[in-house]
Structures are given as C-alpha cells and as structure tokens.
Amino acid sequence: MEAKTVDAANLYRLPWTMPDNGITWLEPTAHCNLNCYGCYRKNIKNSNKPLEDVKHELDFFQSMRKTDCISIAGGEPLLYPNIVELVADIKSRGLKPIINSNGIALTKELLHELKKVGIFGFTFHIDSKQGRGRGPEWEGKNELELNELRLHYAEMLAAEGGIACSFNSTVYEDTLHYVPDLVEWAQKHIDIVHTMVFILFRYITPDTPYDFYAGSQKITWNDIHYHSEKEEKTDTMAPDVVAEIRKRYPEFSPAAYLNGTHAPDRFKWLLTERIGNKKKIFGYAGSKFIELVMTLYHYKKDRYLSYATPKTLSLGRTTLFNTWMVDKGIRNAFKKYLGYLAANPFRIFTKVNMQSIMIIQPVDLMPNGDQSMCDGCPDITYWKDKDGKEQLVWSCRLEEPMQYGDFLRMIPRNEKTAVTEN
Ligand code: SF4
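Written out as structure tokens, the structure is:
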C-alpha cells in the first residue's frame, strides 16, 4: 500500500471543541484598508461596532466557551478607534489578545501603546494577492519579495519585545511553490518569527456543480461574496502543502490536527512544531509532545493552549533536554542536537528555538453537498440573527447569515455529482 503523505495514525487530534477551545474570533469592524483577493469578508466602511457591543460579544463568548486567546480580526482591527481599550479589556479578562492585521496601520507608537495594555501577539496577513498598492514598493511583489515586508514587522515586534509574531498567507495554485521558500525564510528568523500559517484558498467558481439555497430561496452562485469569476483551483489539500514543503525539508513532520466535520480523514488544521536554530533544524515534535503540552496546560489553566510566549519558544534547548523521554520526535531531534554539539561544543551557546507551522484547509465541498468544516473550529465568532438569537458561527462563512439570514445549503445539480466520490 502506498504510504500516505500525512497519516492520522501518527498524529494527535487537537482536543479543541466548541465549548473548550484554544482560540475565539472577534470582529470589532468590517472596515479594511486593503481589498485582498480571497478575503472571506466584505469590506464595509463605517462598520465599527460600539465598544460596549464588542464587550458584550466577549461576555457571550465567555458564557459559551473556554478560550485561551481572542483573535481580534475584521476588517482591519488597527482601524478600530477603540483598539487599545479593547486589547486592555481582553487582557483584563485573563485572555490573550492577538491582533490579526495586514500591518499597514501599525506604527511604533501604536505598538508601544498596545504592549502597555497587554497585547500578546500579532498575526500579520501578508501575501501577493492583497493589492498592497498603498505601499507602492509592495505592489506586484511575489511571495519571496514580500519577505522583506514580513521581516520589517517581525523586527518591529522584536524591538518592542515579548510579543508573539505570526504570519498568515493565503495559498493559491500559482503560489503553492513559494511555500518552501517561506518556510526556509521563517527558519532564518526563527528567533523572532514564531508561527507561519498557510491558508488554502477556497472560493465558489463558475464551474461549481452545486445550486445554493438560503432556506427555500435559490441563490445565484455569483451573488455569494466568496466567488471567483474565473475557473481556478479551490481544492488544494493540506497534504499537498506538506509534499511541497518536503521538497526542501524532507523530514518535515506534522504532529497534530483537526479533522473535517464531514470528512474525518481530512486535515483541516495541521500543526507542525519544529526545533532548531537559524542554520539547522534538528527535528520535529511528535504527537506525544503536543498531547503533553495541551494536557498540562489545560490542567494548570483550565483551557487549551493556543499561542505560546516568545520566551517559552526560545527554550528549545531546555525542551530537548527535558522532554526527549516522552516523545519520539523530540528524541530524534535531541540525538541530532547532541551530534551537532559533539562536532563543536561551543555551539551550546547558540540558542535553540521552537517554531510552529500551521496549514489550514477551510471548507471542503462534499459530493452530496455537505460542507465539511473544521471540527472544533477555533475561529468561531459571534452572530445575532434577525430574531435576536445569539449564536457561535464559523467566521469564514459569516457573510452567509449576514447576507441571507442563514448559512447556505448546497444541492448537487445532477445525480452524477451526488454519487461521485472525490
Ligand atoms: S471552519 Fe472556517 S472559521 Fe472555522 S477554523 Fe475552519 S476555516 Fe476557520
């Protein structure tokens, strides 16, 4: 039997669920200063929510769900006029505020303000299909050329100190081949770049074999916000990205995952933890390491870990020495590290870091019209329906209830589609 690129048998299924999760998603505004191709949200001017309403959403989250961090997204959260007060409020609730930003509005002064009130981390979304015309120097740049911009933000955070630094990129068919370059770039900056996230592009395209319904109302496919007028690949899978990364890093090994709600054999959030320095990756944590971390953290804090502090991630050497006996992946990395030290004992003075690489595979459209979401969705957010009922919903599909009052159902257009397994 052919070996699978990624085999669930070797992975830890992250323990995140609807009521107990690492992350929860908050949108204080739908206004953005970019119009990225591939964005799941409409850019709406004058859409800032009153701070009291946003605090109410946080109250609702806390009544429904244990969470470790709040991802403040949007829209562009740095355009939200009360962003500093909001970060302070999240921090005062004992949660980790993380800002998901394109970075454009981030100044040193604002960063300093945010640090003072307790910002835990930033996730910068930077990729080549964002139309970054505002910074003329970034217009038309490819993923590799954008590394200079990524480095600018990573260094800005490092200069302020103690703030977790992550980068998101949407991955399209024609940018998939850049992923190994980004993974290599992240290694060169492993001391200040803590997480790389690759999100696979998903849109409705003209060749869709489905009809769409909101209740009994039929919806035209190109009225749905996330649609493309051209035919393009929208079903790249997480193992395809792993295979691409292995062309550069043959030993690249994911350790944990979330499965799909309708496809338990698919990898929706696929987490890899690597350990190394700027010159050498010693290895990859295995499933037992992640299980241990999640379990201990939950035991101590009564919630599951989302982001670790930069300080914790800089303790790679301590991690190797202390956990090699519980995890095969760490054990292999430790052996390589000892060999590295044996060749030159002065290398003991070189820091060893940990770095996360997450691959996110959003909604998968199943042959029978089911939509397979991330089981234990971390990016769940708030929605109040027309009857005033408050709910937790998938942030990646928020436009559907906003536009049509409900999530859309999909019906295969013909029998053949309904029975064809993909
Ligand atoms: S279901 Fe959608 S919102 Fe939830 S984690 Fe997956 S992609 Fe994100």
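Residue numbers (the working numbering): 37 to 458.
Here a beta-carbon is modelled for each residue, glycine too, at the ideal position from N, C-alpha and C.
Bridge pairing for I317: G312 [DSSP]. For the ligand SF4, no non-hydrogen atom lies closer than 7 Å to the CB of P55. Exclusion of W52 from the 7 Å shell around the ligand SF4 follows from its C-beta lying no nearer than that to any non-hydrogen atom of the ligand.
In this structure, the C-beta of K304 approaches the ligand SF4 to less than 7 Å from one of its heavy atoms. Per DSSP, the continuous beta strand (DSSP E) segment holding N295 begins and ends at A292 to N295. A straight-line Cα-Cα distance of about 12 Å links I395 and C410. Of the other Cβ atoms in all chains shown, 16 or more fall within 10 Å of the Cβ of S289; this residue is therefore buried. For A299, the three-state secondary structure derived from DSSP is coil.
C432 and G412 have their C-alpha atoms spaced approximately 14 Å apart.
The alpha-carbon separation between A321 and L307 amounts to approximately 10 Å. Taking the Cα positions, H334 is about 21 Å away from D95.
In this structure the segment 243-261 does not lie against the segment 205-225, because fewer than three pairs of beta carbons, one per stretch, are closer than 8 Å. DSSP, read as helix, strand or coil, puts H225 in coil. Around the CB of I281, 16 or more other CB atoms lie within 10 Å, so the residue is classed as buried. Annotation for D400: G296, A299, R302 and S408 place their beta carbon closer than 7 Å to its own, counting only its chain and skipping 5 residues before and after. Between V388 and the set T241, M330, S205 and G319, the nearest pair of CA atoms involves G319. Distance check between P448 and each of E184, D247 and Y440 places D247 closest, using alpha-carbon atoms only. Within the same chain, N79 and G167 come within 7 Å of N71 by CB-CB distance, once the 5 residues on both sides are set aside. A direct Cα-to-Cα measurement between E63 and Y340 gives close to 22 Å.
When only Cα atoms are considered, R284 and V215 end up about 10 Å apart.
Boundaries for H230: no beta strand (DSSP E) harbours it, and the DSSP string shows neither H nor E there.
In the DSSP secondary-structure assignment, V429 is bridged to T417.
By the beta-carbon neighbour count (other beta carbons within 10 angstroms, threshold 16), M390 is buried. Closest in alpha carbon position to L328, among E309, V362 and R310, is V362. Under the three-pair Cβ rule at 8 Å, the segment 150-158 counts as touching the segment 124-134.
The three-state secondary structure of Q166, taken from DSSP, is coil.
For P403, the closest alpha carbon among the candidates D415, T244, T348 and Y343 is that of T244.
The beta-carbon separation of D338 and K85, rounded to 29 Å, does not stay under the 8 Å limit for a contact. Set against 7 Å, the gap from the CB of D43 to the closest heavy atom of the ligand SF4 is not smaller.
For D95, no beta strand (DSSP E) segment is defined; the enclosing uninterrupted segment is the alpha helix (DSSP H) at L87 to M100. In the same chain as V278, and ignoring 5 residues on each side of it, the C-beta atoms closer than 6 Å to its own belong to T41 and V42, in chain order. If you draw a straight line from the Cα of D423 to the Cα of F443, it comes to about 15 Å.
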